[in-house]
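J.: Take a look at the following structure, please.
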Amino acid sequence: MLTNCDAGLPLFREYALKSVWLPIIAFRNEDDEKKFEFDYSTWSILKSKLPTQVNILTMEPLTQNKDVVSVLFRLEHYYGENENAKLSASVNVNLRTLFSGKRVLEAKEMSLGGNLMKNETFGRLKWNERESNVTHEKESELFDEVRMIVHLKPMEIRTFVLKLSNN
């Protein structure tokens with residue numbers, strides 16, 4: 001397909017994601033006593049679609065206590081600044097309303113590696129600069145744990161530990 005860059009880039013990104021993140025194929029025994037009533041081909045943990053420029057990079061279970069599960073959760077904005085007229089814009093994702101059948105009890109922002117609280121990492125790698133003309137962009141604002149709205153800037157990845165329970 002031939003088209004201009006603004007129209008072609010979203011198609012390329014969608015194809016790239018689909019070719020890397022292939023569907024998970026699972027099998028089950030039909031003789032199981034419990035029959036699942038939902039259709040695996042259409043089921044999703046998301047209530048609605050994410051913005052086009054956002055991808056779930058990681059959703060990995062960490063711990064489970066009774067009906068509460070903790071997961072490592074990463075969201076990425078996979079467009080660069082000025083890469084596309086619409087899709088390079090910053091976007092908000094509401095974690096509180098994101099999941100179907102799950103309630104977010106708690107969301108803590110972590111460092112990219114997921115091993116430190118984000119607020120503990122500020123100032124760790126600061127050093128004195130002499131005669132530098134480099135301007136430093138302000139780091140991402142801290143995550144509001146009450147509203148649970150994530151603001152993603154172009155090419156940004158944000159990591160959280162979420163505590164989820166059944167509705």
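Anchor point for the sequence shown: position 98 equals 98 in the working numbering, and the numbering is continuous, going up by one each time.
All C-beta atoms in this analysis are idealised placements derived from N, C-alpha and C, irrespective of residue type, glycine included.
Here the structure is a predicted model, which is why all the values come from computation and not from measurement.
1) Kindly indicate which three-state DSSP category proline 154 falls into: helix, strand or coil?
2) Which residues does DSSP pair with isoleucine 56 in a beta bridge?
3) Using the C-alpha atoms, what's the distance from asparagine 82 back to lysine 108?
4) Got a sec? Which residues, its chain only, sit under 8 Å from serine 90 by beta carbon, not counting five neighbours each side?
5) Can you tell me the Cα-Cα spacing of aspartate 6 and valine 69, whole angstroms?
6) From what residue to what residue does the alpha helix (DSSP H) around glutamate 81 run?
7) Between the beta-carbon of lysine 47 and the beta-carbon of phenylalanine 99, is there less than 9 Å?
8) If you reduce the DSSP assignment to three classes, tell me which class alanine 89 lands in.
9) Does the separation of the CB atoms of valine 71 and valine 161 fall below 9 Å?
10) For the alpha helix (DSSP H) containing lysine 118, name the first residue and the last one.
11) Secondary structure at valine 146, three-state DSSP: helix, strand or coil?
12) If I measure Cβ to Cβ from arginine 103 and keep anything under 8 Å in the same chain, skipping five residues before and after, which residues do I get?
T.: This is what the structure gives:
1) Coil, per DSSP.
2) Looking at the DSSP assignment, isoleucine 56 forms a beta bridge with Leu75.
3) Straight-line Cα distance between these residues: approximately 30 Å.
4) Result list for serine 90: His77, His151, Leu152, Lys153, Pro154, in chain order.
5) Roughly 41 Å between the two C-alpha positions.
6) Run containing glutamate 81: none; DSSP gives neither H nor E here.
7) Taking a C-beta distance under 9 Å as the contact criterion, lysine 47 and phenylalanine 99 qualify as a contact pair.
8) Residue state, collapsed to three classes: coil.
9) A contact, by the Cβ cut-off of 9 Å.
10) For lysine 118, the enclosing alpha helix (DSSP H) begins and ends at 118-121.
11) If DSSP states are grouped into helix, strand and coil, valine 146 belongs with coil.
12) By the criterion of a C-beta distance shorter than 8 Å, arginine 103 is surrounded in its chain by Leu164, Ser165, Asn166, Asn167, once the five residues flanking it on both sides are discounted.
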